[in-house]
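The numbering of the sequence shown is this note's numbering, which starts it at 1 and goes up by one.
Idealized CB from N, CA, C, for every residue including glycine.
These numbers come from a predicted model, not from an experiment.
Take a look at the structure below.
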Amino acid sequence: MKRQKKRLGDILIEAGLINSTDLASALEYSKKKGLKLGEALKELGLVNEHELSKALSRQLGIPLVDLERIVLDPSLAEVLPEIIARKHLAIPLGKRGREFLIAVADPLNIFGIDEIARHLKGKVTLCIAPESQIQRAIDRLYGAAGSQGRSASVETRPGEASGIEEDTEAVQLINDVILQAAREEASDIHIEPLEHHVRIRIRVDGILKVIRQLPKEIHPSLVSRIKVMSGMDIGERRKPQDGRFDMGVAGKEIDFRCSCMPTSKGEKIVMRLLDKSSIRLSLLDLGLEPGQKKVLEQA
């Protein structure tokens with residue numbers, strides 16, 4: 001007789017990580033926000049990513065790996081493109097013929113795993129790792145090419161730097177997020193302070209998706225970096241602010257319109273991305289008659 005798979009919530013309750021009231025709250029929150037249960041539990045601060053990964057491993061019978069103890073094979077960077085790895089939070093760990101061992105943060109992301117399998121054109125065996133470990137592993141695996149790619153793909157403007165000494169990690173993180181958003185043709189970037197962490201989301205095809213969840217401690221540095229880039233007052237934290245900057249990203253000239261809004265958890269940043277190269281229309285392209293065009297040009 002086939003044993004019935006335990007539900008994630010039951011596993012977490014058995015482990016003493018949450019109680020039935022916590023589970024009910026998380027289920028209600030997940031429905032309200034359109035999140036998976038695990039994402040809701042993390043956002044509410046009821047479990048951390050390591051606890052969630054361990055519970056998913058037990059629920060699905062998929063091995064849990066510690067990527068901090070694994071030496072990555074640089075040749076595997078050619079197996080899976082970086083953009084797919086970052087998109088689906090997946091990292092290739094091994095290859096034997098047409099069989100691939102892939103670590104993922106979300107083994108229930110069926111569409112993502114299917115896209116990975118289609119690209120690899122082979123059999124995919126999964127293991128689970130916490131999201132932050134996978135993000136760091138991606139940085140390590142694609143780092144050699146990625147660091148050169150980032151410096152070539154994210155072109156800062158002369159005079160952008162102020163006299164302020166900036167957090168190097170925050171600068172690199174913002175560059176990475178901007179690069180990913182540009183490559184995926186996102187319309188906006190959201191940097192949102194939550195109770196215990198910072199969530200970064202991008203909007204692609206009208207849908208917001210999480211691409212980073214970071215320690216709360218780095219939030220002030222991220223906000224300061226955006227304020228410096230967009231010409232906002234970094235000392236003002238109580239009032240809404242707006243700013244803008246231009247940047248060459250991945251061969252595109254992008255205009256960033258930024259807003260900073262104080263919230264009870266800290267300042268929230270929203271960045272709108274406008275690809276200038278895609279909207280260079282002449283007056284005739286807009287359907288104006290020659291006479292109308294002349295009037296506007298003389299105005």
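Indicate the three-state DSSP secondary structure (helix, strand or coil) for residue 131 in the structure shown. helix
Would you call the segment 97 to 107 in contact with the segment 123 to 142, where contact means no fewer than 3 C-beta pairs closer than 8 angstroms? yes
Could you pull the start and end residues of the beta strand (DSSP E) that residue 94 belongs to? 90 to 96
Residue 223, enclosing alpha helix (DSSP H) - first and last residue: 219 to 230
Sufficient close CB pairs (3 or more, under 8 angstroms) joining the segment 112 to 121 to the segment 30 to 49: no
Please list the segments of the beta strand (DSSP E) lying wholly inside the segment 55 to 126, counting only runs of 3 or more residues, in order along the chain. 90 to 96, 99 to 104
So which of 61, 44, 264, 270 has the shortest CA-CA distance to residue 29? 44
Within this structure, are the beta carbons of residue 170 and residue 225 separated by less than 7 angstroms? yes
Mind checking residue 201: buried by the 16 CB within 10 Å criterion, or exposed? buried
Between the Cα of residue 69 and the Cα atoms of 86, 134, 22, which residue gives the shortest distance? 134
Cβ-based neighbour list, residue 80, same chain, cut-off 6 angstroms, excluding 5 preceding and 5 following: 92
Of the choices 263, 246, 121, 255, whose alpha-carbon is the least far from that of residue 223? 263
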